[in-house]
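Residue numbers (the working numbering): 322 to 592.
Positions of the beta carbon are idealized from the N, C-alpha and C atoms, including for glycine.
Notes for the one structure printed next.
Structure representation (structure tokens):
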């Protein structure tokens, strides 16, 4: 995973602070951590559609009020969206049916309380930034950027048992990288991790860089990490194309501004 190419792929006007994305059938589904819409961008038509996820949806919501949608994943025909859990307002699990466009909203507080107990996290240390769903397990990626919390993966099994796997990530200027998203490709987890000079799940800090990493799902051993940017805070990753020779991902960046504009990057690596 040493050879890579990172390039600007799309500029999307109408969505800001993109925090997660999902590519399916030539459409990009995006979420924003300060919005209560699911955005659908049709690449061939270059058109953007907004799907309201709650009553009275809004954009550029004040930090203290936002639901902080940070994770997006596909479960069958449903797009699953999660709040980060970093405050009481951020405990929502929303399901959007791609066929019927029906929306179901569930309070995920009970599950998040189990996470905090399992990993010995205080209320302000939980910060879920990535989600992978398989037939028998769900993987939740904890961003360890507050207090004594650590990077790790909560594995919730079909029998409702729960395990927390702590993951140590590389550092820049003595600041450890922290998970910002992850996807599963075959039997390998590819993840993003950002180095942000802050000890808070609430406040932003200076961006020192972003890594792409790889973990084998059967043993959760960290196989490799590579610095892909020294200036970007990448918060979302999705599989775009895959061949025998290379794999292409699309990445989104949280620009931490109120501007309704998002840059989508394409990252290509050798297999």
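Mind checking who residue 402 pairs with in its DSSP beta bridge? Working through the chain shown from its first residue, we reach residue 402 at position 81. DSSP links residue 402 through a beta bridge to 393 and 415.
For residue 408, count the other beta carbons within 10 Å of its own beta carbon; 16 or more makes it buried, fewer makes it exposed. Which is it? Translated into positions along the chain shown, residue 408 becomes position 87. That one is buried.
Output the distance between the C-alpha atoms of residue 543 and residue 556, rounded to the nearest integer angstrom. Translated into positions along the chain shown, residue 543 becomes position 222. Translated into positions along the chain shown, residue 556 becomes position 235. Residue 543 and residue 556: Cα-Cα distance of roughly 19 Å.
Own chain partners of residue 465 with C-beta closer than 6 Å, once the 5 adjacent residues on each side are dropped: Along the chain shown, read from residue 1 onward, the residue named residue 465 stands at position 144. Result list for residue 465: 471, 472 and 499, in chain order.
Determine the extent of the alpha helix (DSSP H) in which residue 541 is found, giving its start and end residues. As a first step, residue 541 must be located in the chain shown, where it is residue number 220. Annotation: residue 541 is outside any alpha helix (DSSP H) and is labelled neither H nor E by DSSP.
Assuming residue 430 is part of the beta strand (DSSP E), what are its boundary residues? What you label residue 430 is simply residue 109 of the chain shown in a count that begins at 1. Segment 430 to 440 is the alpha helix (DSSP H) holding residue 430; no beta strand (DSSP E) there.
In the DSSP assignment, find the beta strand (DSSP E) that holds residue 510 and state where it starts and stops. The count along the chain shown starts at 1 and reaches residue 510 at position 189. That run of the beta strand (DSSP E) goes 509 to 518.
Measuring CA to CA, which of 406, 552, 400 and 433 is closest to residue 421? What you label residue 421 is simply residue 100 of the chain shown in a count that begins at 1. For the set 406, 552, 400 and 433, the Cα lying nearest the Cα of residue 421 is the one of 400.
When you compare each of 446, 457, 478 and 454 to residue 463 by their alpha carbons, which one comes out closest? For this step, residue 463 is matched to residue 142 along the chain shown. Comparing Cα positions, the closest option is 446.
By a C-beta neighbour count over all protein chains shown, 10 Å radius and 16 as the cutoff for buried, is residue 354 buried or exposed? Looking up residue 354 in the chain shown gives position 33. Its Cβ being crowded by 16 or more others within 10 Å, residue 354 is buried.
Between the CA atoms of residue 576 and residue 373 - distance to the nearest angstrom: The residue labelled residue 373 in the question sits at position 52 within the chain shown. The residue labelled residue 576 in the question sits at position 255 within the chain shown. If I take the Cα positions, the gap works out to 22 Å.
For the pair the segment 378 to 397 and the segment 360 to 368, tell me if three or more CB-CB distances fall below 8 Å. Flag = no, the segment 378 to 397 and the segment 360 to 368 do not touch.
What does the Cβ neighbour count give for residue 479, buried or exposed, with the cut at 16 atoms within 10 Å? Reading the chain shown from its first residue, position 158 is the one you call residue 479. Residue 479 is exposed by the Cβ-count criterion.
Using the Cα positions of residue 403 and residue 412, report the straight-line distance between them to the nearest angstrom. Against the chain shown, residue 403 aligns to sequence position 82. Against the chain shown, residue 412 aligns to sequence position 91. Spanning the two alpha carbons is a distance of roughly 7 Å.
In chain order, what residues of the same chain have a beta carbon less than 6 Å from the beta carbon of residue 378, not counting five sequence neighbours either side? Within the chain shown, numbered from 1, the residue matching residue 378 stands at position 57. Scanning its chain for C-beta atoms nearer than 6 Å, with the 5 sequence neighbours on each side dropped, one finds around residue 378 the residues 357 and 358, in chain order.
Contacting residues, own chain, Cβ-Cβ under 7 Å from residue 530 (five flanking each side not counted): In the chain shown, residue 530 corresponds to position 209, counting from 1. Around residue 530: 493, 516, 548, 550 and 551.
Length of the line joining the Cα atoms of residue 545 and residue 561: What you label residue 545 is simply residue 224 of the chain shown in a count that begins at 1. What you label residue 561 is simply residue 240 of the chain shown in a count that begins at 1. The C-alpha of residue 561 is placed about 21 Å away from the C-alpha of residue 545.
State buried or exposed for residue 456, treating a residue as buried only when at least 16 other CB atoms are found within 10 Å of its CB. Position 135 of the chain shown, counted from the start, is the residue given in the question as residue 456. So residue 456 counts as exposed.
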